[in-house]
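Student: Protein chains in written order, with my numbering: chain A, 1 to 251; chain B, 252 to 502.
Built from N, CA and C at the ideal position, the CB exists for glycine as well.
Remember, it's a predicted structure, so these values are computed and weren't measured experimentally.
Provided herewith is a single structure, encoded as structure tokens, for subsequent inquiry.
Number of protein chains: 2
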Amino acid sequence: MGATRYREIAESLRHAIRTGTYPLGSRLPSESDLSARWEVSRGTVRQAVALLASEGLIGSRQGARRVVLRQERRQSFQQLNSFAQWAQAMGCEVASRILTRTVRTATDEEAGRLDAEPGSEVLYVLRLRWLDGEPVMVERTVYAGWVAPAVLELPEDCVSIMDSIAERADIVAHYGEHLIDAVAAGSEDARLLRVRRASPLLRQRHLTYTAAGRAIEWTDDRYRAGSVVFNVMNSAGAAPLERRAGPDVRG
Amino acid sequence: MGATRYREIAESLRHAIRTGTYPLGSRLPSESDLSARWEVSRGTVRQAVALLASEGLIGSRQGARRVVLRQERRQSFQQLNSFAQWAQAMGCEVASRILTRTVRTATDEEAGRLDAEPGSEVLYVLRLRWLDGEPVMVERTVYAGWVAPAVLELPEDCVSIMDSIAERADIVAHYGEHLIDAVAAGSEDARLLRVRRASPLLRQRHLTYTAAGRAIEWTDDRYRAGSVVFNVMNSAGAAPLERRAGPDVRG
DNA sequence: AAGTGGTCTAGACCACCAG
DNA sequence: TGGTGGTCTAGACCACTTC
């Protein structure tokens, strides 16, 4: 596995933050402190704290000690790509059930999204997800062929497929692209989510990649209106969000 | 400023990717290549490529050259905060009409969002916006009191209020926070957008700030389903988007 | 077998922050 | 003013990919 020195240090710091050794708002030991304590070079310490910074756990300013910003265990990137991780971090009771698992050949659109050969095999999964006992989301996912075996092994009430395949098959999500819009509930959506047909749903389609840029899955998640809100911060310096025309515009 | 060697290298690579010097799917030069070419150490090159990887532009696997994953440039912050700028960049014909302009006292929620005194005056604007001749968005904006005079001066068919007040009154947007969800069309929405009542709309509420952190406006934009899609990219290195519970969850 | 990225070391200088 | 993080160097060994 990825058992390296800097990951080890990061995990130790993560644990210390989580358990209150370094409380919210407190200052972390300096880089030289940590490198002496762990008997590693300063570069290795910096790799470790960079990992925590990318998880949003600590902040840093030149000249001042690093500060503990949050103590939750979950990363926001993971939370965006994993419904289960997000829900658990919110303190919600989460449940999932796989309703359908089918191996079939990819449609042209799916092959294009997953960057796979046209006509290659993919795994289609239909899944319903609950928050605090209420059905709130229907998930329709197409997994790339190389991921399918790992997903087929999982039990149908598996809470987090992404977590499970990361642990068991070392398939780790690293990058995601998300398309967010509103759609009317179809008859299957309506039945599963217990809403009226054509009632509003918030749709999040996303494509997930490994660090090497290999596509893992292409997903269409539909949330009952009112159950979730997506939140984006941006600035003149960095604009991660953009607006795109839907099919109705420029037809 | 932040003019460092590794940023400089990153920007040069970003440009080369964007302009096709390194096309989609092609391999980047090796680290040793780049360090020779730029006359920097390998560590500096690695800082540069790590930046691009966190933006999702390139992927990497141990042992193999880095690969170009995408070449699009993200749309600017201005385009996200200005419907008019976005539409024009898309090549769409855009039109706008202010239907209502009212000075009134802020509700408690509005005062809270705009970080203003409870009971202070704000300017409420109702506006309808067209793309290529079709009504696609209803905008309900509350402008902070200090911005109101500049907005009241504008003609009712002003295409971009943000652009106009930036030019005339030097009120410039710098940060934004966006909440995106789906709602059912109310009767006013339905009439203006020419859709059925309760049909799905994509809602983008956003709060806009100056560089100094002063709130400019709090807006509720509702798009006809199918007319726009929001697109967000994230990575393990940087996650600007998060999911939030709506009022239905954890009630 | 040669090339490449992942990890790590042991230094260095600078800009910035705190007391 | 001394400590701290940000940047950079010039090496090294290893795991992995590619040919």
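Which residue's Cα is closest to the Cα of leucine 128 of chain A: A:Arg224, A:Arg104 and A:Arg14?
Tutor: Counting from one through the first sequence, the residue named residue 128 of chain A turns up at place 128. Among A:Arg224, A:Arg104 and A:Arg14, the Cα nearest to that of leucine 128 of chain A is on A:Arg224.
Student: Cα-Cα, which of A:Trp218, A:Leu13, A:Ala150 and A:His206 is closest to arginine 70 of chain A?
Tutor: Here the question's residue 70 of chain A lines up with position 70 in the first sequence. For arginine 70 of chain A, the nearest C-alpha among the options comes from A:Leu13.
Student: So the beta strand (DSSP E) glycine 388 of chain B belongs to, where does it begin and stop?
Tutor: Stepping through the second sequence from its first residue, residue 388 of chain B is reached at position 137. The sequence given here places methionine at residue 388 of chain B; glycine does not occur at that position. Per DSSP, methionine 388 of chain B belongs to the beta strand (DSSP E) from 385–394.
Student: Closest by CA to isoleucine 260 of chain B, which one among B:Val291, B:Leu275, B:Tyr273 and B:Ala395?
Tutor: In the second sequence, counting from the first residue as 1, residue 260 of chain B sits at position 9. Comparing Cα-Cα distances from isoleucine 260 of chain B to each of B:Val291, B:Leu275, B:Tyr273 and B:Ala395, the minimum goes to B:Val291.
Student: Ends of the beta strand (DSSP E) at valine 122 of chain A?
Tutor: Within the first sequence, the letter at position 122 stands for residue 122 of chain A. Element bounds for valine 122 of chain A: 121–131.
Student: Indicate whether at least one CB of chain A lies closer than 8 Å to the CB of alanine 466 of chain B.
Tutor: In the second sequence, residue 466 of chain B corresponds to position 215, counting from 1. No, no contact with chain A.
Student: Between isoleucine 416 of chain B and chain A, is there a C-beta pair that is closer than 8 Å?
Tutor: Walking along the second sequence from the start, residue 416 of chain B turns up at place 165. No, its Cβ sits nowhere closer than 8 Å to a Cβ of chain A.
Student: May I ask you to list, following chain order, the residues of the region 424–444 of chain B that have a beta carbon less than 7 Å from some beta carbon of chain A?
Tutor: Listed by position, the residues of the region 424–444 of chain B near chain A (Cβ gap below 7 Å) are His425, Tyr426, Gly427, Glu428, His429, Leu430, Ile431, Asp432, Ala433, Val434 and Ala435.
Student: Within its chain, find whatever has a CB closer than 6 Å to the CB of arginine 203 of chain A; leave out the 5 residues flanking it on each side and keep chain order.
Tutor: To locate residue 203 of chain A, count along the first sequence from 1; it is residue 203. Excluding residues within five positions, the ones whose Cβ falls inside 6 Å are Asp181, Val183 and Arg222.
Student: Name the DSSP bridge partner or partners of histidine 528 of chain B?
Tutor: The displayed coordinates of chain B run from 252 to 502. Any statement about residue 528 of chain B would go beyond what the structure contains.
Student: Which residues in the same chain have their Cβ closer than 8 Å to the Cβ of glutamate 372 of chain B, if we skip the five residues on either side of it in sequence?
Tutor: As a first step, residue 372 of chain B is located in the second sequence; it is residue number 121 there, counting from the start. Within the same chain, glutamate 372 of chain B has close Cβ partners Val354, Arg355, Thr356, Ala357, Gly396 and Ala399.
Student: Find the residues of chain B that neighbour alanine 211 of chain A, judging by a C-beta separation of less than 8 Å, and give them in chain order.
Tutor: Taking the first sequence and counting its residues from 1, the one referred to as residue 211 of chain A is at position 211. Ordered by position in chain B, the residues that pass the 8 Å Cβ test against alanine 211 of chain A are Ala304, Gly310, Ser311, Arg312 and Ala487.
Student: Go through its chain and collect everything with a Cβ distance to glycine 20 of chain A's Cβ below 6 Å, but skip five positions before and after it.
Tutor: Counted from its first residue, the first sequence places residue 20 of chain A at position 20. Hits under 6 Å: none found.
Student: Does DSSP classify threonine 295 of chain B as helix, strand or coil?
Tutor: As a working mapping, residue 295 of chain B is identified with position 44 in the second sequence. The answer is helix: DSSP assigns threonine 295 of chain B an H, G or I state.
Student: Quick one: using the 10 Å Cβ neighbour count with 16 as the cut-off for buried, is glycine 310 of chain B buried or exposed?
Tutor: Indexing the second sequence from 1 puts residue 310 of chain B at position 59. Classification for glycine 310 of chain B: buried.
Student: Whose C-alpha, out of A:His206, A:Gly213 and A:Arg46, is nearest the C-alpha of glycine 276 of chain B?
Tutor: Here residue 276 of chain B corresponds to residue number 25 of the second sequence, with the count starting at 1. The shortest C-alpha separation from glycine 276 of chain B is found at A:Gly213.
Student: Pick helix, strand or coil for valine 161 of chain A, following the three-state DSSP scheme.
Tutor: Position 161 of the first sequence holds residue 161 of chain A. Per the sequence shown, residue 161 of chain A should be read as isoleucine rather than valine. Here isoleucine 161 of chain A sits in helix by DSSP.
Student: Excluding the five sequence neighbours on either side, which residues of its own chain have a C-beta within less than 7 Å of the C-beta of arginine 256 of chain B, listed in chain order?
Tutor: Here residue 256 of chain B is taken as the residue at index 5 of the second sequence, counted from 1. Once the five neighbours on either side are set aside, the close Cβ partners of arginine 256 of chain B are Val291 and Thr295.
Student: Got a sec: is the Cβ-Cβ distance from valine 40 of chain A to anything in chain B below 8 Å?
Tutor: Indexing the first sequence from 1 puts residue 40 of chain A at position 40. No, no contact with chain B.
Student: Less than 8 Å between the C-beta atoms of alanine 215 of chain A and leucine 114 of chain A, yes or no?
Tutor: Counted from its first residue, the first sequence places residue 215 of chain A at position 215. Counted from its first residue, the first sequence places residue 114 of chain A at position 114. For alanine 215 of chain A and leucine 114 of chain A, yes; Cβs fall inside 8 Å.
Student: Out of B:Ser438, B:His425 and B:Val446, point me to the one whose CA is closest to proline 386 of chain B's CA.
Tutor: Within the second sequence, residue 386 of chain B is the residue found at index 135, counting from 1. Here the closest residue by C-alpha is B:Val446.
Student: What does serine 199 of chain A reach in chain B if we use C-beta pairs closer than 8 Å?
Tutor: As a first step, residue 199 of chain A is located in the first sequence; it is residue number 199 there, counting from the start. Within chain B, the residues near serine 199 of chain A are Ala435, Ala449 and Pro451.
Student: Pick out whichever of A:Tyr175, A:His174 and A:Leu154 has its Cα sitting closest to the Cα of isoleucine 165 of chain A.
Tutor: Against the first sequence, residue 165 of chain A aligns to sequence position 165. Checked all of A:Tyr175, A:His174 and A:Leu154; the closest Cα to isoleucine 165 of chain A is A:Leu154.
Student: Over what stretch of residues does the alpha helix (DSSP H) that includes serine 259 of chain A continue unbroken?
Tutor: As shown, chain A starts at 1 and ends at 251. That puts residue 259 of chain A outside it, with no answer to give.
Student: Closer than 8 Å, Cβ to any Cβ of chain A: which residues of the region 376–402 of chain B, in chain order?
Tutor: Within the region 376–402 of chain B, the qualifying residues are Leu382, Asp383, Glu385 and Val387.
Student: Using beta carbons (cut-off 8 Å, strictly below), is glycine 307 of chain B in contact with chain A?
Tutor: Your numbering for residue 307 of chain B matches position 56 in the second sequence. Interface residue, yes.
Student: Taking Cβ to Cβ, would you say valine 318 of chain B is nearer than 8 Å to isoleucine 268 of chain B?
Tutor: Here the question's residue 318 of chain B lines up with position 67 in the second sequence. Here the question's residue 268 of chain B lines up with position 17 in the second sequence. It is not a contact, given that the beta carbons lie outside the stated cut-off.
Student: On the criterion of 16 or more Cβ atoms from any shown chain inside 10 Å, does aspartate 33 of chain A qualify as buried, or is it exposed?
Tutor: Within the first sequence, residue 33 of chain A is the residue found at index 33, counting from 1. So aspartate 33 of chain A ends up on the exposed side.
Student: Would you mind working out which of A:Arg205, A:Trp130 and A:Val142 sits nearest glutamate 93 of chain A, comparing C-alpha positions?
Tutor: Reading the first sequence from its first residue, position 93 is the one you call residue 93 of chain A. Residue A:Trp130 is the option with its Cα nearest to glutamate 93 of chain A.
Student: I'd like to know if leucine 320 of chain B contacts chain A, where contact means its C-beta is closer than 8 Å to some C-beta of that chain.
Tutor: Taking the second sequence and counting its residues from 1, one reaches residue 320 of chain B at position 69. Cβ-Cβ to chain A under 8 Å: yes for leucine 320 of chain B.
Student: Just how far apart, CA to CA, sit asparagine 231 of chain A and valine 483 of chain B?
Tutor: The residue you call residue 231 of chain A lines up with position 231 of the first sequence. The residue you call residue 483 of chain B lines up with position 232 of the second sequence. Each residue's Cα considered, the two are about 11 Å apart.
Student: Hey, is valine 483 of chain B's beta-carbon within less than 8 Å of any beta-carbon in chain A?
Tutor: Counting from 1 along the second sequence, the entry for residue 483 of chain B is found at position 232. Yes, its Cβ sits closer than 8 Å to a Cβ of chain A.
Student: Closest by CA to arginine 191 of chain A, which one among A:Met137, A:Leu207, A:Glu156 and A:Thr208?
Tutor: Against the first sequence, residue 191 of chain A aligns to sequence position 191. Comparing Cα-Cα distances from arginine 191 of chain A to each of A:Met137, A:Leu207, A:Glu156 and A:Thr208, the minimum goes to A:Met137.
Student: How far does the beta strand (DSSP E) with glycine 363 of chain B in it reach, from first residue to last?
Tutor: Position 112 of the second sequence, counted from the start, is the residue given in the question as residue 363 of chain B. Here glycine 363 of chain B belongs to no beta strand (DSSP E); instead the alpha helix (DSSP H) covers 359–365.
Student: Give me the DSSP bridge partner(s) of isoleucine 58 of chain A.
Tutor: Locating residue 58 of chain A in the first sequence gives position 58, counting from the first residue. Note: isoleucine 58 of chain A sits in a beta bridge opposite A:Val68.
Student: Just the Cα atoms here: how many angstroms apart are histidine 15 of chain A and cysteine 409 of chain B?
Tutor: Counting from 1 along the first sequence, the entry for residue 15 of chain A is found at position 15. Counting from 1 along the second sequence, the entry for residue 409 of chain B is found at position 158. Answer to the nearest angstrom: the Cα atoms are 55 Å apart.
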